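Residue numbers (my numbering): 5 to 167. Just so you know, even glycine gets a beta-carbon here, dropped at the ideal spot from N, CA and C. Predicted model only: the values in this text are computed from it and were never measured. Notes follow once the structure below has been shown.
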Amino acid sequence: MESPNDFSMKCVQHNELDILNELSQKIVNRADQYNRDRVQKENADANRQWASNASLLENLRENLVQLQQQWDQLESILQELEVKSNLLLEKDRGLDLVVHSRDQTEAKKHIVENLLEDKSALGQLNTKANALAKTLIKALREQKLLPQSLEEKLTHLNDINVR
Numbered sequence: 005m006e007s008p009n010d011f012s013m014k015c016v017q018h019n020e021l022d023i024l025n026e027l028s029q030k031i032v033n034r035a036d037q038y039n040r041d042r043v044q045k046e047n048a049d050a051n052r053q054w055a056s057n058a059s060l061l062e063n064l065r066e067n068l069v070q071l072q073q074q075w076d077q078l079e080s081i082l083q084e085l086e087v088k089s090n091l092l093l094e095k096d097r098g099l100d101l102v103v104h105s106r107d108q109t110e111a112k113k114h115i116v117e118n119l120l121e122d123k124s125a126l127g128q129l130n131t132k133a134n135a136l137a138k139t140l141i142k143a144l145r146e147q148k149l150l151p152q153s154l155e156e157k158l159t160h161l162n163d164i165n166v167r
């Protein structure tokens, strides 16, 4: 979605193009045939270049908005992973596997199964985060931006998952 500031910048830029077109037309009206053709050609080139640049900038803006949304989604997933990983580690540390009866064995078995299910869910979330992070890293590299911060978070995420 376009902000009011984006719209006003486009209006200013378009007004400048309109002024160029008006001045070119005044020159064309007063020029001889050779200069008239030259001015018309240069003006047409300027208009094509302006349209091309405007389209390029709009595409870049849309790409950056999409990257921002993906980045926000990744941040959310990473926070969720961090919290759930820490909870799982706490549950794991608090688990006492010493049993004295058949009932305790069944109860401990159930607890371990729940821990394994939680670990599996974390693995799926980790896979999703890795895929999204790799997509973002690739996009950042294509934009000639530095993805080191994201790569560090990805390494940290994978270190947590190994635990």
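Best match in the options for proximity to residue i [C-alpha to C-alpha]
i: N57; options: H18, K123, E110 and L144; result: H18
i: Q147; options: N134, S105 and E66; result: E66
i: L140; options: Q77, N63, Q128 and L24; result: Q77
Residue burial classification, residue i (beta-carbon count within 10 angstroms, cutoff 16)
i: S124; result: exposed
i: N90; result: exposed
i: A137; result: buried
i: L4; result: This structure gives no information on residue 4, because the portion of the chain shown stretches from 5 to 167.
i: N130; result: buried
i: L93; result: exposed
i: L173; result: Because the chain here runs from 5 to 167, residue 173 falls outside it and cannot be looked at.
i: A133; result: buried
i: L82; result: buried
Residue i versus residue j - alpha carbon distance
i: A55; j: Y38; result: 26 Å
i: N117; j: L71; result: Residue identity check: residue 117 is Glu in the sequence provided, not Asn. If I take the Cα positions, the gap works out to 38 Å.
i: D107; j: Q73; result: 50 Å
i: L99; j: S80; result: 29 Å
i: A135; j: R52; result: 39 Å
i: L85; j: W75; result: 15 Å
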